[in-house]
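Number of protein chains: 2
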Amino acid sequence: MGRWEPDARERLVRAALDLFGEQGYDNTAVAQIAERAGLTKSTFFRHFRDKREVLFGGQDQLAEVLTTGIACAPEQAEPLAAVEAALVAVGTWFTDEHRAHGPQRQAVIEDHLELRERSALKMVGFGVAMKDALERRGVAELAAAVAAELGVLAFERAYGTWVTTTGDWSDVVRRSVAEVRTAAATLG
Amino acid sequence: MGRWEPDARERLVRAALDLFGEQGYDNTAVAQIAERAGLTKSTFFRHFRDKREVLFGGQDQLAEVLTTGIACAPEQAEPLAAVEAALVAVGTWFTDEHRAHGPQRQAVIEDHLELRERSALKMVGFGVAMKDALERRGVAELAAAVAAELGVLAFERAYGTWVTTTGDWSDVVRRSVAEVRTAAATLG
DNA sequence: AAGGTGATGGGACTTGGTCTCATCAACCGT
DNA sequence: ACGGTTGATGAGACCAAGTCCCATCACCTT
Numbered sequence: 019m020g021r022w023e024p025d026a027r028e029r030l031v032r033a034a035l036d037l038f039g040e041q042g043y044d045n046t047a048v049a050q051i052a053e054r055a056g057l058t059k060s061t062f063f064r065h066f067r068d069k070r071e072v073l074f075g076g077q078d079q080l081a082e083v084l085t086t087g088i089a090c091a092p093e094q095a096e097p098l099a100a101v102e103a104a105l106v107a108v109g110t111w112f113t114d115e116h117r118a119h120g121p122q123r124q125a126v127i128e129d130h131l132e133l134r135e136r137s138a139l140k141m142v143g144f145g146v147a148m149k150d151a152l153e154r155r156g157v158a159e160l161a162a163a164v165a166a167e168l169g170v171l172a173f174e175r176a177y178g179t180w181v182t183t184t185g186d187w188s189d190v191v192r193r194s195v196a197e198v199r200t201a202a203a204t205l206g
Numbered sequence: 019m020g021r022w023e024p025d026a027r028e029r030l031v032r033a034a035l036d037l038f039g040e041q042g043y044d045n046t047a048v049a050q051i052a053e054r055a056g057l058t059k060s061t062f063f064r065h066f067r068d069k070r071e072v073l074f075g076g077q078d079q080l081a082e083v084l085t086t087g088i089a090c091a092p093e094q095a096e097p098l099a100a101v102e103a104a105l106v107a108v109g110t111w112f113t114d115e116h117r118a119h120g121p122q123r124q125a126v127i128e129d130h131l132e133l134r135e136r137s138a139l140k141m142v143g144f145g146v147a148m149k150d151a152l153e154r155r156g157v158a159e160l161a162a163a164v165a166a167e168l169g170v171l172a173f174e175r176a177y178g179t180w181v182t183t184t185g186d187w188s189d190v191v192r193r194s195v196a197e198v199r200t201a202a203a204t205l206g
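In C-alpha cells, the structure reads:
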C-alpha cells in the first residue's frame, strides 16, 4: 500500500480544495498541493492526469453508473425514462462529502475557464455514455443522441439545484427530467 | 501594421495545420509553428490564447453570428425556428478555406483529448449564446435551454456531414434541424 | 530470511505560457 | 522632410505544468 499514510488520493483532493479556497486556483502550485498532503509532485501526477483533474476525479465512474443505469432500466421504458432511471441511480454514487464540498468546488470551477472546459468535456462524456447505452437498447441513433443530450441538460440543472438546497437527489432529478421533457415536447 | 509581412495570424494557422499534419500535434512546439510562419513564440501568444486555440480561432465571431441570427429571426418564429435561422446564417461565415481544411482539422482534434476539450467548450459557448438570445426574445428560460441544446446538437451533426460531403450548408443544416426536431417531438 | 511488488521520492528535462523591455515600421501632423 | 506616436514584433528571462527515469522503501509472499 502507501509508503506512509493511506488514502493519498483523498488527501490530495482535500489539500487542493483547501488551498484553492485559501489562495485561489492559479496561485496554487501542484507541488504545494502535494506538499500539504505530505506527498510530492510526482505522486500527484500519478493520481491525477493534470492539475484540473483533482477537481473532477472519479467522474469516470459516474459514466459507468449512467451506462449500467440505462442498461438495467425496464425493457419497455422509453429513452428518456431510461435516462431518468440512470440519473436517479447516480444518487447512490453521490456521497455526503460530495454535497459538502459541492458549492465551493462549483465556485472554483465557475470562474476559471480551463476548469469550465474540463467540466464541459466531462459532460460530453456523460452524453456519449448515455447515447451509447441507449443504442445498445435498440434506440435509433438520432433518438439516442437527443435523449442523451436532454439527459445531460437535466443532470446539470438538477445538480445545480441539489448542491444549493437540501432536497433528495432522486426528487430533484426526477423533477428536472420531467421539466425538460415537457419543454422538449412543447417545442415544435 | 505588421513589422514585415502581413496576415501574421493566418500564416500562423497555416503553419500550425501543416506541422500538425506532418509530425503530429504533440510533436509540434509553439516555437516551431512561429518559426515556420516567420514569427516568434511571443507573437504566437499575442494572436492565440494558447496552442489549442490556433485550431479554433475565430469561433468567437461565430457565437455573435448565432446571437444576431436569433435576434433577427421573424418575430413569430418559435424557438427552434429561430435557432434554425441562426444556424443557416452561419453559412455566410463558413469560408471555402474552412471547408478545405475541415477534414484534416477534425482529424487532429478527434484524437487529442485536450482538443476535444476545447471543442466541447466552444460548443457550450454556442449553446449559451443561443440560449441568451432566445431569452432576449421572450422565450422562457427552460425552453430556451432546451432549444439551444438541440440547436448545438443539430449544428454538430450538420457540420460533420458538411465537411465530408459537397452539399450546401443551408440544406444540410435545415435537414439536420428537422431531424432533431422530430426526434425530440417523438420522444415523450 | 529472501525476493517480489507497488507506491513513493527525487530530480532532470521539455514545453506551454507570462511578463517586460527594446525595436522597428507605418502613420500623422507640422 | 522631420520628429513623435502608435502598434505590432523580437528577444529573453522566468515560472509552473507535465514527463521520464531511477532509486528507495514498505508490505507481502514464499
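These protein sequence lines map, in sequence, to chains A and B. The first sequence begins at 19 in this note's numbering and counts up by one. The second sequence begins at 19 in this note's numbering and counts up by one. Heads up, the beta-carbon is just placed ideally off N, CA and C, and yes, glycines get one too.
Helix, strand or coil: which one does DSSP assign to residue i?
i, result
"F173/B", "helix"
"Q124/B", "helix"
"V72/A", "helix"
"D186/B", "coil"
"D36/B", "helix"
"W214/B", "The first residue shown for chain B is 19 and the last is 206, placing residue 214/B beyond what the model contains."
"G145/A", "helix"
"R155/A", "coil"
"G56/B", "coil"
"R67/A", "coil"
"V198/A", "helix"
Identify which residue in the options has its Cα closest to the Cα of residue i.
i, options, result
"K102/B", "R117/B, S137/B, A118/B, A151/B", "Rather than Lys, the amino acid found at residue 102/B in this sequence is Glu. For E102/B, the nearest C-alpha among the options comes from A151/B."
"T200/A", "V164/B, V198/B, G178/B, L171/B", "V164/B"
"R54/A", "L98/A, R155/A, D44/A, F38/A", "F38/A"
"D44/A", "E96/A, A100/A, R70/A, S137/A", "R70/A"
"A81/A", "F112/A, G56/A, T61/A, E93/A", "F112/A"
"F144/B", "T46/B, D186/B, E174/B", "E174/B"
"E212/B", "V170/B, Q77/B, V157/B", "Outside the shown range of chain B (19 to 206) lies residue 212/B, about which nothing can therefore be said."
"D114/B", "Q50/B, D186/B, R64/B, D25/B", "D186/B"
Are the Cβ atoms of residue i and residue j separated by less than 8 Å?
i, j, result
"T85/B", "A147/B", "yes"
"V190/B", "P121/B", "no"
"L35/B", "R123/B", "yes"
"S4/A", "A176/A", "The structure shown does not extend to residue 4/A, since chain A spans only 19 to 206, so no value can be given for it."
"G75/B", "F66/B", "yes"
"R117/B", "I127/B", "no"
"R192/A", "V106/A", "yes"
"A95/A", "L205/B", "no"
Leaving out five residues on either side along the sequence, give the residues of the same chain with a beta carbon under 6 Å from the beta carbon of residue i.
i, result
"A104/B", "L84, G87, I88"
"A172/B", "S194, V195, V198"
Less than 7 Å between C-beta atoms, sequence neighbours within five positions excluded: which residues of the same chain meet that for residue i?
i, result
"H119/A", "L35"
"T179/A", "V190"
"T58/A", "A52"
"A100/B", "I88, A91, L152, R155"
"D68/A", "none"
"T46/A", "L37, F38"
Can you list, in chain order, the residues of its chain with a C-beta nearer than 8 Å to that of residue i? Leave out the 5 residues immediately preceding and following it.
i, result
"E153/A", "E159, A162"
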